[in-house]
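Residue numbers (this note's numbering), protein chains in the order written: chain A, 23 to 270; chain B, 413 to 625; chain C, 25 to 496.
The structure appears right after this line, and notes come after that.
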Amino acid sequence: MSEEKPRRREVALFATCLVDLVRPDIGFDVARLVLDAGFKVVVPPLQTCCGQPNYNGGDKSGAMAMARRNIDLLMPYEYVVVPSGSCGGMIAHHYPELLSGDTVYAGRARRLAERVYELSRFLVDVADYQPSRRLEGTVTYHDACAGLRELGIKSGPRTLLERAGAQVVESGQAEACCGFGGTFCIKYPDISNAMLERKVADIEATGAATVVAGELGCLMNIEGKLHRTGRPIAARHFAQLLAPEQKS
Amino acid sequence: MSRERVLTDIRSRLAGDTKARHDAAVARIGARRRNTVPERASRAAEARVAQFEEMLARVKGTTARLARLSDVPAAVQQYLGEGARVCVDAEIDALALPWQDTRLTHVPWAPKTGFDCIVSGCVAGAAETGTIAISSGIDAPLSRAFLGESHIVVLPSARLFGGYEDIFDLVRQGDLPRHLTFVSGPSCTGDIEMIMEYGAHGPRALHVLIIDS
Amino acid sequence: MDVDSRKFIELSATAVRNESLKTSMGLLGAGLSMRRAQAKAGLAEFDALRDEARDIKNDVLANLDAYLEAFEAQVTRQGGVVHWASTDEEARDAILAICRDADARTVTKSKSMVTEEIELVPHLEAHGITAVETDLGEYIIQLRRERPSHIIAPAIHLNKDEVSETFFEHHRKLGYNERLTERADLVGEARHVLRDKFLGADVGISGANFLIAESGTVVLVTNEGNAELTTSLPKTHIVVTGIEKVVPTFEDAATFIRLLGRSAAGMEISQYTSFITGPAREGDADGPRNFHVVLVDNGRSRMIGTEFQDMLRCIRCSACLNHCPVYLSVGGHAYGSVYNGPMGAVLTPGLSSIGDAGHLPNASTFCGKCEEVCPVRIPLPRMMRAWRNRESEAKLNPVGMRWGLRGWQWLATHPRLYRLATRLGIGVLRRIARGDSSYLSHMPLAAGNWTRDRDFPTPSPTSFVAQWEDKL
């Protein structure tokens with residue numbers, strides 16, 4: 023690897039398993055955004071999953087093994103950007119707690135936590151990014167739970183969307199859980215569906231053409247319901263809306 | 413014995429020794445330290461009456477301001493109407509107020525006796541939430557305040573404090589009453605469909621007469 | 025404690041389809057969350073009070089034996105009697121013995137979750153004592169022979185028409201022949217029926233919101249005034265409460281009183297807050313001659329010193345239920361425990377076992393709303409996660425789940441095999457989608473629970489990492 027730019031401007035992109043495996047296009051949108059904000063993007067090729075399913079599923083030792091591995095993987099970078107509040111929260115919030123009794127990794131987990139940024143936080147707080155993309159029309163924003171309550175992500179994505187010219191209309195229950203919850207939606211499908219129905223009705227009531235979020239799990243859940251019920255509302259990660267158009 | 417078992421179960425899981433914990437608890441209790449007291453519970457005396465009236469109105473209590481204690485009987489009649497059956501508690505009765513100028517029917521207290529209204533004194537008031545404190549005692553059955561259809565309380569403005577802590581300081585000066593109740597509005601329930609209905613078990617209405625002098 | 029959450033999935037499936045319950049839960053969730061938000065916004069010191077309340081309870085729990093002994097000494101000094109119960113059975117026996125000493129035939133009760141936990145009323149009735157619940161909600165469900173579905177609004181799952189029907193059926197034998205349709209009339213009828221019960225009771229049983237160690241005082245909070253009549257008319261008053269309810273002083277009680285009503289229902293303070301200290305004094309015009317406090321452990325002390333200790337800070341305000349999207353979807357009965365919602369999901373396995381209550385800490389998306397609104401800042405999601413760990417360590421969770429997670433961890437820590445396995449998996453999904461459709465409407469195995477109610481976006485054939493590598 024050549025060192026043509028100063029190392030401090032290098033950003034490691036941790037795509038998250040859902041973006042990596044289900045919606046790779048979002049990964050490229052994130053990369054273009056970070057580039058457009060003036061940083062170099064590195065995608066560590068050995069990245070997999072942050073460990074949330076294990077951490078939340080009662081497999082603490084498995085989650086710890088995954089955390090140690092990801093810490094080794096991401097420690098070399100000055101900035102780590104994650105296009106997900108829950109995976110970002112996992113690394114920044116839960117790794118230090120999980121590994122607090124680990125003599126080697128406790129300190130490393132804390133140091134990594136200081137360098138991990140959820141995408142909107144990185145773009146607003148670190149890069150003070152002014153989107154080059156111009157948006158029209160109205161969108162509504164869904165505050166994904168972990169980003170909102172673990173990382174305090176609230177105004178950042180809205181600020182970015184508004185800087186790009188979109189009109190953000192608030193729904194009544196923007197902070198209500200959509201019912202995804204990782205394995206929750208598989209283990210408790212009836213409850214998940216009840217929550218999702220409320221969420222989709224709340225989105226629909228805004229009249230917005232697009233619902234935006236920063237969490238692919240929620241987006242897949244919401245989008246799947248919008249499609250199943252024939253509602254003509256698009257569900258997008260904010261990176262998809264904000265990424266500069268591809269020059270192909 | 414259950415007592416020893418419960419205490420042993422607790423102690424087996426606590427850090428430190430029993431003596432140190434005992435000393436810590438005794439010191440903590442003895443300090444009677446005030447925690448954060450909200451600004452609204454610490455306002456100057458002149459601001460309190462209006463604050464009390466506003467807060468009590470929010471919970472459907474009503475108030476009237478009277479210049480003198482001797483205005484109480486007329487105010488009670490004005491609120492209840494002529495002929496109402498009132499039960500006057502010992503504290504108010506001892507004041508020898510001009511009840512003879514009204515057309516109210518006086519009913520002696522007994523748990524099973526029906527009356528429209530109980531007129532009582534109180535320990536003190538707290539402006540922070542429009543709260544009055546009543547207590548049990550000799551000639552002051554606590555239950556009486558809950559058995560009338562409505563409750564009129566006489567509150568001298570000098571006994572209207574800012575917050576709950578002031579009331580605690582006052583009752584601690586003597587023997588603690590057996591039963592001290594903070595009353596903040598009439599009896600109500602939201603147990604059917606979350607809609608507030610008044611007069612659940614206690615009074616349907618609460619009216620506080622604030623005496624300025 | 026009678027707990028069975030094994031039917032949680034079936035009961036929740038029925039509950040989400042119950043339109044009347046949906047209406048009730050909608051009223052509860054929308055009403056109380058709005059009222060709490062207004063009350064919080066109206067008190068600048070609200071969050072500072074929460075921090076203090078957390079610290080007070082932490083201090084109490086760290087010195088719990090000492091505070092309980094201090095409380096006991098003061099109750100005794102006032103002429104009352106403190107009873108200690110290690111288990112629910114000991115608590116029931118102690119209470120029955122007191123009732124028998126008082127030759128009790130009729131008991132009035134004000135609301136108490138601990139008496140629900142120890143199943144007191146059926147025990148008294150089995151021994152020939154009539155126990156009447158006097159909180160309106162509790163009274164309604166007692167007539168219907170149901171359990172509470174909410175810790176402070178026990179009949180919230182019922183609508184006005186159901187209450188009307190229940191009163192018509194049960195009050196007819198008392199001479200009330202009219203079928204009432206107005207809420208105010210229903211409340212009025214219950215007031216009349218219960219007034220006689222208050223006046224005729226031999227024993228009054230209450231819970232306690234707080235116990236003040238300083239003076240041996242019991243704090244009771246109600247809106248109806250039923251606790252005051254329950255505790256001042258009968259000759260004997262029995263307080264039944266958990267060992268974690270003690271606070272050091274009146275000043276500390278004030279901090280909690282400022283939080284409780286606001287957190288529960290957005291009320292600045294509840295209508296009635298009573299401070300009861302001992303039995304009637306010489307010459308008192310009313311009040312009980314006998315004053316008993318039954319301190320119930322029943323599994324609480326087992327939580328001290330564990331990752332579940334913080335749960336003992338709970339003041340039963342119900343804010344976590346009122347804001348929980350899971351509770352608001354299924355109501356309280358689905359939980360199979362008298363404690364439900366997020367606080368029940370943590371407390372129930374603590375008081376019974378994770379084997380009996382396994383579903384409760386699992387049925388959460390960890391959305392974190394409960395912790396956000398908790399007046400004593402209990403980290404409820406963290407503790408639900410800790411229960412899942414305990415469940416998994418004891419191999420009580422589904423074996424497929426355990427092996428699935430172990431396999432996922434193994435793959436995630438072996439990136440080349442992870443790439444291969446995920447590519448194969450995506451290939452299968454794309455084959456089901458027949459290549460051209462951008463959504464899957466059916467998926468196999470457990471994933472079918474996803475596609476039952478929603479579509480699944482068909483994954484791209486090549487992962488992001490692989491495509492990125494190709495581009496370099």
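Note that CB positions come from ideal geometry on N, CA and C, so glycine has one too.
> Rounded C-beta distance between PRO589(B) and SER547(B)? I'm assuming under 8 angstroms.
Replying inline: 4 angstroms
>> For a cutoff of 9 angstroms on Cβ pairs, would you count GLY236(A) as touching chain C?
In response: no
> For the putative contact between GLY111(A) and GLU172(A), defined by C-beta atoms under 8 angstroms, what is the C-beta separation to the nearest angstrom?
Replying inline: 4 angstroms
> Fully enclosed by the segment 37-83 of chain C, which alpha helix (DSSP H) runs are 4 residues long or longer?
Replying inline: 43-65
>> On the DSSP bridge list, what partners appear for THR295(C)?
In response: For the sequence presented, residue 295(C) should be read as Gln rather than Thr. The partner list for GLN295(C) (beta bridge, DSSP) is empty, contrary to what the question assumes.
> Out of curiosity, what's the CA-to-CA distance linking MET23(A) and ASN92(A)?
Replying inline: Unreliable placement is indicated for MET23(A), whose pLDDT of 46 sits below 50; the coordinate value is still reported in the next sentence. Cα to Cα, MET23(A) sits roughly 21 angstroms from ASN92(A).
> DSSP puts TYR163(A) in a beta bridge; with which residues?
Replying inline: VAL234(A)
>> So if DSSP puts ALA476(B) in a beta bridge, which residue, or which two residues, is it bridged to?
In response: LEU621(B)
> Roughly how many angstroms separate the alpha carbons of ALA53(A) and THR486(C), rounded to a whole number?
Replying inline: 17 angstroms
> How is TYR610(B) classed by DSSP in three states: helix, strand or coil?
Replying inline: strand
> PHE558(B) touches chain C at which residues, Cβ-Cβ below 7 angstroms?
Replying inline: GLY249, GLU252, LEU253
>> Which residues does DSSP list as the beta-bridge partners of GLN189(A)?
In response: THR160(A)
> Within the 9 angstroms Cβ cut-off, does THR160(A) reach chain C?
Replying inline: no
> Going by DSSP, what residues sit across from LYS133(C) in a beta bridge?
Replying inline: Checking the DSSP bridge columns, you'll see LYS133(C) partnered with GLU157(C), ILE229(C).
> What do you get for VAL423(C), buried or exposed, if any count of 16 or more other CB atoms within 10 angstroms of its CB means buried?
Replying inline: exposed
>> Within 9 angstroms of any Cβ in chain B, is that where the Cβ of GLY199(C) sits?
In response: no
>> Between VAL64(A), THR160(A), ALA135(A), ILE48(A), which has its C-alpha nearest ARG90(A)'s C-alpha?
In response: ALA135(A)
> What is the DSSP secondary structure of LEU509(B), counted as helix, strand or coil?
Replying inline: coil
> Does the Cβ-Cβ distance between GLU577(B) and PHE274(C) come in under 9 angstroms?
Replying inline: yes
>> Can you confirm whether ASN183(C), when its beta carbon is compared against all beta carbons of chain B, has any partner nearer than 9 angstroms?
In response: With 9 angstroms as the cut-off, ASN183(C) counts as an interface residue toward chain B.
>> Please report the distance separating the alpha-carbon of PRO468(C) from that of PRO405(C).
In response: 30 angstroms
>> With distance defined between alpha-carbon atoms, name the residue in ASP125(C), ILE122(C), GLU162(C) nearest to GLU140(C).
In response: Among ASP125(C), ILE122(C), GLU162(C), the Cα nearest to that of GLU140(C) belongs to GLU162(C).
>> As a quick exercise: from VAL44(A), ILE113(A), LEU182(A), ARG143(A), pick the residue whose alpha carbon is nearest that of PHE36(A).
In response: Ranking VAL44(A), ILE113(A), LEU182(A), ARG143(A) by Cα distance to PHE36(A) puts ILE113(A) first.
> So, using beta-carbon positions, are ILE122(C) and ILE267(C) closer together than 9 angstroms?
Replying inline: no
>> I need the DSSP call for ILE402(C), collapsed to helix, strand or coil.
In response: If DSSP states are grouped into helix, strand and coil, ILE402(C) belongs with coil.
> Span of the alpha helix (DSSP H) holding ILE530(B)?
Replying inline: Unbroken run through ILE530(B) is the beta strand (DSSP E), 529-532; no alpha helix (DSSP H).
> Along chain C, in chain order, which residues have C-beta atoms closer than 9 angstroms to that of VAL65(A)?
Replying inline: PHE488, VAL489, TRP492, GLU493, LEU496
> Going by C-alpha distance, which of ARG129(C), ARG409(C), ALA278(C), ALA214(C) is nearest HIS613(B)?
Replying inline: ALA214(C)
>> On the criterion of 16 or more Cβ atoms from any shown chain inside 10 Å, does VAL566(B) qualify as buried, or is it exposed?
In response: buried
> In terms of DSSP beta bridges, what is GLU466(B) paired with?
Replying inline: Paired residue(s): none; GLU466(B) is not in a bridge.
>> So ASN386(C) contacts chain A; which residues on that side make the cut at Cβ distance below 7 angstroms?
In response: LYS209
> Unbroken beta strand (DSSP E) runs of length 3 or more, entirely within the segment 252-295 of chain C: which are they?
Replying inline: 260-266
> Is the segment 66-86 of chain C in contact with the segment 395-410 of chain C, if contact means three or more CB pairs nearer than 8 angstroms?
Replying inline: yes
> For ASN247(C), which residues does DSSP report across the bridge?
Replying inline: DSSP lists no partner for ASN247(C).
> Taking all protein chains shown into account, do 16 or more other C-beta atoms lie within 10 angstroms of the C-beta of LEU56(C), making it buried, or fewer, making it exposed?
Replying inline: Residue environment for LEU56(C): buried (at least 16 other C-beta atoms within 10 angstroms of its C-beta).
> If we call anything under 9 angstroms between Cβ atoms a contact, is SER83(A) one with GLY239(A)?
Replying inline: no
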